[in-house]
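Remarks on the structure that follows.
2 protein chains.
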Amino acid sequence: MADRTPLYKRVKHEIVEALRAGRWKHGQAIPGESTLATAFGASIGTLRKAVDELVAENILVRQHGRGTFVASHTRDYMLNVFFAIAPRKGPKTFPETELVGFKRGRADVSTAKRLQIPTGAPVLAIRTLLRLAGQRVIVDDIRLPAGLFPDLTEHAFLDRDTTVYGLYQMRYGITVVRTVEEIGAALADARTRALLALEPPAPVLRIERTAYTYRDQPVDTRVRYVRTSQHRYVSVLGKR
Amino acid sequence: MADRTPLYKRVKHEIVEALRAGRWKHGQAIPGESTLATAFGASIGTLRKAVDELVAENILVRQHGRGTFVASHTRDYMLNVFFAIAPRKGPKTFPETELVGFKRGRADVSTAKRLQIPTGAPVLAIRTLLRLAGQRVIVDDIRLPAGLFPDLTEHAFLDRDTTVYGLYQMRYGITVVRTVEEIGAALADARTRALLALEPPAPVLRIERTAYTYRDQPVDTRVRYVRTSQHRYVSVLGKR
DNA sequence: AAGTGGTCTAGACCACCAT
DNA sequence: TGGTGGTCTAGACCACTTA
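Rendered as structure tokens:
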């Protein structure tokens with residue numbers, strides 16, 4: 450990184466590089482602030498500024514008196530950071546996942562573009578049905594670049610006791626740090642209606658979502674259909 | 450504010466109070482950092498931490514070498530902070546507004562709850578059609594608490610050369626700092642279809658949006674219908 | 001040249017947690 | 001008690017804007 454960029458940006462970049470390289474694993478504490486400051490040749494104030502930004506990006510988590518930890522893709526983390534769908538009334542709940550389809554295929558033009566891989570490259574195609582409080586609410590049609598997830602089998606996918614992103618992290622060391630969702634309205638097709646127990650006409654949210662790890666590398670793209678009779682996608686603009 | 454709360458939080462709170470009270474107007478520069486630090490009895494570092502948070506919340510804007518300014522509801526600001534709808538391809542554009550309806554009424558239960566006013570309190574009911582690059586894309590059904598916007602007439606609403614939020618700010622000193630949007634899918638009714646030039650069935654986004662000023666006071670609630678054949682609602686999760 | 005915000009330092013002291 | 005992060009200070013120097 451260029452010499453003119455501020456020291457705290459360079460420190461931040463080095464921390465991210467260490468995370469990407471697997472130097473510090475998710476859930477673990479990173480070294481203390483004074484240790485890191487010395488290691489990077491910065492003052493504590495500068496080190497803290499770098500860490501401040503990584504905390505704001507949900508990449509690190511500070512715990513007063515305990516240490517600073519690499520964010521782990523727990524259920525709570527997923528719900529708080531990456532899950533925007535809430536019941537019309539009452540608190541957010543965690544979705545229960547049911548596997549509907551799992552096969553291997555090749556990237557079509559749209560998938561290839563979103564995953565930044567060549568058209569025709571091998572992908573995993575996974576379809577899941579998500580329930581919230583027992584109700585069928587979401588259908589996900591997931592595409593993963595097969596190269597990033599070697600040996601991911603249906604059994605391994607099912608045999609996790611964590612979120613999908615948690616699986617990426619635990620089994621492949623891939624941490625999702627950001628997702629971009631493009632939301633439109635559509636009528637559910639017959640297959641989606643069957644999965645969501647809807648009668649035509651069946652207006653649903655159609656969400657194209659791509660997940661990225663460090664360095665803006667895409668790792669997962671999916672088309673998600675959401676039944677919104679009892680639920681809402683909640684978006685807050687003008688941060689707090 | 451309690452004595453135990455950190456100084457930078459108290460400073461931040463006092464700055465927001467000054468803004469709310471109209472001590473510093475939108476678009477104006479606030480005093481320099483050293484001046485403010487002295488005034489609040491804090492060091493520059495502490496003052497900067499307070500201002501940092503207000504900048505992150507889009508309430509203040511720093512300009513290196515010029516000063517720190519109260520965010521003004523310009524078109525660009527609106528587009529960047531509060532407008533999430535973009536064409537499927539190409540850059541975001543600014544919407545052109547057409548007034549469809551303007552009348553006075555009383556708050557129904559739902560509106561009253563969202564605006565935190567009594568049911569039956571006087572409201573303004575405004576309906577607008579928004580075009581993007583000439584295409585009809587959005588219908589807004591707005592409810593404003595009449596008490597906050599005395600003497601707002603159809604003419605005054607039309608005779609602005611700014612955004613709706615800009616009008617609130619310039620004419621009433623009310624600054625929108627945050628909006629919460631709840632998004633669902635629906636079929637457009639006949640009137641909405643007519644405004645958006647849609648044929649049935651017409652799946653659209655249905656967005657319930659409430660805007661807040663300082664201290665979480667609601668000032669505007671609206672139901673927005675969005676035609677998404679050429680556009681998308683874009684949401685980024687896991688901030689950068 | 002003067003004033004502004006941006007970066008950085010080298011501490012001090014406090015609050016919290018584990019042992 | 002020792003280590004951690006959280007707050008706060010009182011500067012220094014740099015980069016940018018305006019006059």
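Chains U and P, in that order, are what the protein sequence lines are.
The number in the working numbering is simply the position in the first sequence, starting from 1, with 449 added.
The number in the working numbering is simply the position in the second sequence, starting from 1, with 449 added.
Quick reminder that beta carbons are idealized off the backbone N, C-alpha and C, glycines included.
If we require 3 or more residues per run, which beta strand (DSSP E) segments fall completely within the segment 574-635 of chain P?
584-594
Contact criterion: CB-CB distance below 8 Å. Does residue 492 of chain U meet it with respect to chain P?
no
Identify the continuous beta strand (DSSP E) that holds residue 534 of chain U and give its terminal residues.
534-536
From the DSSP output, read off the bridge partner residues of residue 669 of chain U.
U:660
Measure the C-alpha to C-alpha separation of residue 617 of chain P and residue 502 of chain P and round it to an integer number of angstroms.
24 Å
Distance check for residue 517 of chain U and residue 478 of chain U, CA to CA, integer angstroms please.
5 Å
contact_flag[the segment 595-607 of chain P, the segment 649-662 of chain U] where n(CB pairs < 8 Å) is 3 or more
no
So which residues of chain U does residue 652 of chain P contact, with C-beta pairs closer than 7 Å?
634, 635, 636 and 652
Roughly how many whole angstroms lie between the Cα atoms of residue 657 of chain P and residue 626 of chain P?
17 Å
Under 9 Å Cβ-Cβ, which residues of chain P neighbour residue 465 of chain U?
Ordered by position in chain P, no residue passes the 9 Å Cβ test against residue 465 of chain U, which lies about 12 Å from the chain.
Mind checking the segment 530-561 of chain P against chain U and listing, in chain order, the residues whose C-beta falls within less than 9 Å of any C-beta there?
530, 531, 532, 533, 535 and 537
First through last residue of the alpha helix (DSSP H) which encompasses residue 545 of chain U:
Residue 545 of chain U -> not in any alpha helix (DSSP H); beta strand (DSSP E) instead, spanning 545-555.
Straight-line CA distance for residue 533 of chain P to residue 487 of chain U?
43 Å
Taking residue 684 of chain U as part of the beta strand (DSSP E), name the residues at either end of that continuous run.
680-686
The beta strand (DSSP E) spanning residue 511 of chain U covers which residue range?
509-512
With a threshold of 6 Å on Cβ separation, who are the neighbours of residue 622 of chain P within its own chain once the five nearest residues in sequence on each side are excluded?
471
Under 8 Å between C-beta atoms of residue 640 of chain U and residue 535 of chain U
no
Contact criterion: CB-CB distance below 8 Å. Does residue 482 of chain U meet it with respect to chain P?
no
Tell me the DSSP secondary structure of residue 643 of chain U in three-state form.
helix
Residue 655 of chain U in three-state terms, based on DSSP:
strand
Whole-Å CB distance - residue 549 of chain P paired with residue 585 of chain P, under 8 Å assumed:
Not really, about 11 Å apart at Cβ, beyond 8 Å.
Does residue 588 of chain P come within less than 8 Å of chain U when only Cβ atoms are used?
no
What is the rounded straight-line gap between the Cα of residue 683 of chain U and the Cα of residue 629 of chain P?
7 Å
Enclosing alpha helix (DSSP H) for residue 518 of chain U [first to last residue]:
Counting along the chain, residue 518 of chain U falls outside any alpha helix (DSSP H), though it belongs to the beta strand (DSSP E) covering 516-519.
Just by C-beta distance, which residues in the segment 675-686 of chain P are closer than 9 Å to chain U?
675, 676, 677, 678, 680, 681, 682, 683, 684, 685 and 686
Residues that residue 574 of chain U contacts on chain P, provided the C-beta gap is smaller than 8 Å:
Chain P residues near residue 574 of chain U: none, gap ~23 Å exceeds 8 Å.
Does residue 627 of chain P come within less than 8 Å of chain U when only Cβ atoms are used?
yes
Do we get a CB-CB distance below 8 Å when we pair residue 630 of chain U with the residues of chain P?
yes
What do you get for residue 522 of chain U, buried or exposed, if any count of 16 or more other CB atoms within 10 angstroms of its CB means buried?
buried
Would you kindly check if the distance between the Cβ of residue 519 of chain U and the Cβ of residue 701 of chain U is under 8 Å?
For chain U, the structure presents residues 450 to 689; residue 701 of chain U sits outside this window and is missing.
Spatial distance of residue 529 of chain U from residue 679 of chain P (CA atoms):
30 Å
Going along the segment 502-516 of chain P in order, which residues come within less than 7 Å of chain U, judged by CB to CB distance?
505, 506 and 507
Quick one: is residue 685 of chain U buried, meaning 16 or more other Cβ sit within 10 Å of its Cβ, or exposed?
exposed
Any idea what DSSP makes of residue 499 of chain U, helix, strand or coil?
helix
What does the Cβ neighbour count give for residue 665 of chain P, buried or exposed, with the cut at 16 atoms within 10 Å?
exposed
Interface partners of residue 461 of chain U on chain P, CB under 7 Å
The contacting residues do not exist; residue 461 of chain U stays about 12 Å from chain P at best.
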